[in-house]
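**Q** In the working numbering, the protein residues as written are 695 to 983.
Every residue gets a Cβ at the ideal spot worked out from N, C-alpha and C, and that includes glycine.
Got a structure for you, written out below as structure tokens; questions coming shortly.
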């Protein structure tokens, strides 16, 4: 599903940087490369191999590191310490691409987060038109890599991402990953969150009841039955997303792979039948049937 990426640039959050953003004119001269601060030499060599970077050419990149402390700063609200881990290992490249090309993600040795989950979350962060590669030296969760991709985008474009957007994107990545693990189907989890997000933003729903109605409708369309806890987690996430300045058509353009799969499911048609069924049920109930 993903195209091969020949050149890319990336950065994970680096608190040690002296200023939050470099000038755009300077940032595009060198690609970005971020490495987990706890990679040993052997692990570093493996990550560089996966990212197609020669160690003797690192001077050609803007290289930064992310620490485990950085990971916990963004993830502690959503994941247990055992999932986050005690070593920062995720590494990322990100390359800005032509307008309208969308977001394309490739993962290598990442077990917890799929490519589609990253795509969904990156659109929530307001990121557009980028090729992203996420890699680990061996199988790792990859949860911290989202922070790196967001930071890289800020560095490359000179456009800051709000803390609210970063939080919502991180929240979305974790919620989708946990749902996928629960139902045993990553594709359906990605599609459900993408569809709910689309409908919430399209209808400008902001009330708790309205968001709950959208979630219920999308369950029918994707044919997933959520638990009450899962519905609550998604509702809280969508409350955050509904208050962001996001364009639904741009989101569909940027995560085109996911929305193309949704179109194949004829979810709109299914939604009509579900609505008719619910309407008839209410009529029958009214007359005591």
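#1: What runs of the alpha helix (DSSP H), each 4 residues or longer, lie entirely inside the region 768 to 848?
#2: Which residues bound the beta strand (DSSP E) around residue 727?
#3: Since residue 789 and residue 825 are thought to touch, with beta carbons under 8 Å apart, how far apart are those beta carbons, to the nearest angstrom?
#4: Using DSSP with H/G/I as helix, E/B as strand and the rest coil, what is residue 763?
#5: Let me check one thing: in DSSP terms, what residues is residue 758 bridge-paired to?
#6: When burial is assigned at 16 or more other CB atoms within 10 Å of the CB, is residue 984 buried or exposed?
#7: Anyone know if the C-beta pair for residue 741 and residue 787 falls short of 7 Å?
#8: What is the residue span of the alpha helix (DSSP H) that residue 951 lies within?
#9: Which whole-angstrom value describes the C-beta separation of residue 905 and residue 817, a residue pair presumed to lie in contact below a C-beta threshold of 8 Å?
#10: Check residue 920 in the structure and name its three-state DSSP category.
#11: Specify, as a first and last residue, the run of the alpha helix (DSSP H) that residue 743 falls within.
#12: What do you reckon, are the CB atoms on residue 940 and residue 889 nearer than 7 Å?
#13: By DSSP, does residue 865 sit in helix, in strand, or in coil?
#14: Can you name the start and end residues of the alpha helix (DSSP H) that residue 892 belongs to?
#15: Within a Cβ cutoff of 7 Å, which residues of the same chain sit near residue 909, ignoring the five residues on either side of it in sequence?
#16: To the nearest whole angstrom, what separates the beta carbons of residue 819 and residue 855, a pair I think is in contact under 8 Å?
#17: State the CB to CB distance for the pair residue 952 and residue 810, rounded to an integer number of angstroms; the pair is presumed to be in contact (CB under 8 Å).
#18: Are residue 843 and residue 934 close, meaning C-beta to C-beta below 7 Å?
#19: Going along the chain, which residues of its own chain have a beta-carbon closer than 7 Å to the beta-carbon of residue 833, five neighbours each way excluded?
#20: Do you know whose CA, among 938, 958, 870 and 893, lies nearest residue 821's CA?
#21: Which class does residue 925 belong to by DSSP, given the choice of helix, strand or coil?
#22: What does the Cβ neighbour count give for residue 865, buried or exposed, with the cut at 16 atoms within 10 Å?
#23: Is residue 767 buried or exposed, if buried means 16 or more other CB atoms sit within 10 Å of its CB?
#24: Report the CB separation of residue 913 from residue 920 in whole angstroms; it is logged as a contact under 8 Å.
#25: Going by the beta-carbon positions, is the gap between residue 807 and residue 728 smaller than 7 Å?
#26: When you compare each of 758, 772, 793 and 794 to residue 783 by their alpha carbons, which one comes out closest?
#27: Does the beta-carbon of residue 813 have 16 or more other beta-carbons within 10 angstroms, so that it is buried, or is it exposed?
#28: Just to check my reading of the structure: residue 984 and residue 837 have Cβ atoms closer than 8 Å, yes? What is that Cβ distance to the nearest angstrom?
#29: Comparing alpha-carbon positions, which option in 771, 780 and 956 lies nearest residue 763?
**A** Answer, in terms of the structure:
#1: When DSSP assignments are scanned along the region 768 to 848, the uninterrupted stretches of alpha helix (DSSP H) that are 4 or more residues long and fall wholly within it turn out to be 775 to 778 and 809 to 818.
#2: 726 to 730
#3: Right, their Cβ atoms sit about 5 Å apart.
#4: helix
#5: Answer is 728.
#6: This structure cannot speak to residue 984, because the chain is shown only from 695 to 983.
#7: no
#8: 950 to 958
#9: Going by Cβ atoms, the distance from residue 905 to residue 817 rounds to 18 Å, so no, they are not a contact pair.
#10: coil
#11: 735 to 744
#12: no
#13: helix
#14: 880 to 897
#15: The residues are 890, 925, 928 and 929.
#16: 5 Å
#17: 5 Å
#18: No, the Cβ-Cβ distance between residue 843 and residue 934 is not below 7 Å.
#19: 803 and 805
#20: 938
#21: helix
#22: buried
#23: exposed
#24: 6 Å
#25: Contact flag unset, no.
#26: 758
#27: buried
#28: Here the chain comprises residues numbered 695 to 983, so residue 984 is not present and cannot be evaluated.
#29: Considering only alpha carbons, the answer is 780.
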